[in-house]
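S.K.: For the sequence shown, the working numbering assigns the number 8 to the initial residue and increments by one for each residue that follows.
Starting off with a structure, shown below.
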Amino acid sequence: MTTGEIPAADLAGADVEVVDAHVTGVLELPDAPPRTLRFTRCRFDRSPVLREAAVRRVEFDDCELPGLDARRLRCRGDLVLTRCSVHGPVELGDAEVGGEVSVRDSRVAALRAHRLAVGGDLHLAGSVLDGADGVALDGRGMRVGGGVLGEDEVRIGVTATGAVVLTDARVGGAVSLRQARLADLLADRARLTGDVDLTEARLRSLSLVGAVVGGSLVLGAVEVEEDALALDRLRVAGDVHLAFALVRTGVRLVDARIGGDLRAVRAELRGIRGARARVAGDVDLAQAR
8 MTTGEIPAAD
18 LAGADVEVVD
28 AHVTGVLELP
38 DAPPRTLRFT
48 RCRFDRSPVL
58 REAAVRRVEF
68 DDCELPGLDA
78 RRLRCRGDLV
88 LTRCSVHGPV
98 ELGDAEVGGE
108 VSVRDSRVAA
118 LRAHRLAVGG
128 DLHLAGSVLD
138 GADGVALDGR
148 GMRVGGGVLG
158 EDEVRIGVTA
168 TGAVVLTDAR
178 VGGAVSLRQA
188 RLADLLADRA
198 RLTGDVDLTE
208 ARLRSLSLVG
218 AVVGGSLVLG
228 AVEVEEDALA
238 LDRLRVAGDV
248 HLAFALVRTG
258 VRLVDARIGG
268 DLRAVRAELR
278 GIRGARARVA
288 GDVDLAQAR
């Protein structure tokens, strides 16, 4: 275990565990056997560069970083940021993580994860993704073997001041973003194997055009503030729940297919456009308007 002020060049050995340190210079990993990196209560002068590195596990706990460049990283286990402040983007484009990616209770300027491959879950509980350039989470083409989870056993909700983009993503488990506060959620053409749960979430816009949901779509008490709720050509194997939802500019369900029920009890939807939509189960719009 290493403490104090440490030049980043001194950390290029085997496994690294650093606690209560000020890391100066750029941490880079040259070609070397996979290692484990653990940093606790550390402050970095420069963004760590793990680009194209091979590691067993990477963990930052209660750290302050200017950014993190982990593009094309190969990580056998987990990649974890807990209680961190990252002033620039976390770059995970084209990375491969065999375990989970966990960004919990952290503030991150942006999470750029296009074509990221994750064997386990993507955890975001309690985090704020700032999205200074308009995009808070770029998950275009992302592959997640588990779920995308904005909650855990002690906290619920994630905040994104920019767009959360999951266009063409593939998620093997549930997408649970209950009580999330998001600027936009754009998941056109995504393939989402489990339930999609946005109960009590608040968004500027939500688009699932051409998406496939293997479970149910749960939008109970969701609030969509500006654009229409865009569900055109959506395929849902289970139910669509819109009870108590507030959608200020209407719902589009053109050419949608719902394998279960459509329930929108006491929802305020400002109109539904559903030409050629098909619902295999019951339709319950009691007291909806």
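The beta carbon of each residue, even a glycine, is placed where N, CA and C say it ideally should be.
Taking ALA252 as the reference, which of ASP262, ARG270, ALA263 has the closest Cα?
M.R.: Numbered from 1 along the sequence shown, position 245 holds the residue referred to as residue 252. It is ARG270.
S.K.: Consult DSSP for LEU131 and reduce its assignment to one of helix, strand or coil.
M.R.: Taking the sequence shown and counting its residues from 1, one reaches residue 131 at position 124. Coil.
S.K.: ARG78 and ASP101 - do their beta-carbons sit closer together than 9 Å?
M.R.: What you label residue 101 is simply residue 94 of the sequence shown in a count that begins at 1. What you label residue 78 is simply residue 71 of the sequence shown in a count that begins at 1. In this structure, ARG78 lies closer than 9 Å to ASP101 by Cβ.
S.K.: Suppose contacts are defined by Cβ-Cβ distances below 9 Å. Is ARG53 in contact with ASP68 by that definition?
M.R.: Position 46 of the sequence shown holds residue 53. Position 61 of the sequence shown holds residue 68. Contact: no.
S.K.: Report back the beta-carbon spacing between ALA263 and LEU238 to the nearest angstrom; my notes put them in contact at under 8 Å.
M.R.: Translated into positions along the sequence shown, residue 263 becomes position 256. Translated into positions along the sequence shown, residue 238 becomes position 231. With 8 Å as the limit, ALA263 and LEU238 qualify as a contact, their Cβ atoms being about 6 Å apart.
S.K.: Helix, strand or coil for LEU18 per DSSP?
M.R.: On the sequence shown, position 11 is the one that residue 18 refers to. In this structure, LEU18 counts as helix in the three-state DSSP scheme.
S.K.: To the nearest angstrom, how far is it from the Cα of ALA235 to the Cα of VAL225?
M.R.: Position 228 of the sequence shown holds residue 235. Position 218 of the sequence shown holds residue 225. One C-alpha to the other measures close to 17 Å.
S.K.: Taking DSSP as the reference, what is the three-state secondary structure of ASP261?
M.R.: One-based indexing of the sequence shown puts residue 261 at position 254. As written in the sequence, residue 261 is Val, which differs from the Asp given in the question. Looking at VAL261 - three-state DSSP - the assignment turns out to be coil, as it is neither helix nor strand.
S.K.: What residue does the beta strand (DSSP E) around LEU213 start on, and which one ends it?
M.R.: Here residue 213 is taken as the residue at index 206 of the sequence shown, counted from 1. 209-214 is the extent of the beta strand (DSSP E) around LEU213.
S.K.: Along the chain, which unbroken stretches of the beta strand (DSSP E) at least 3 residues long are found entirely within the segment 52-127?
M.R.: Within the segment 52-127, the complete beta strand (DSSP E) runs of at least 3 residues are 61-68, 86-89, 92-98, 108-111, 114-119.
S.K.: Please list, in chain order, all residues of the same chain as ARG283 whose beta carbon is under 7 Å from its beta carbon, the five residues on each side excluded.
M.R.: By 1-based counting over the sequence shown, the position of residue 283 is 276. Same-chain partners within the cutoff: VAL261, ASP262.
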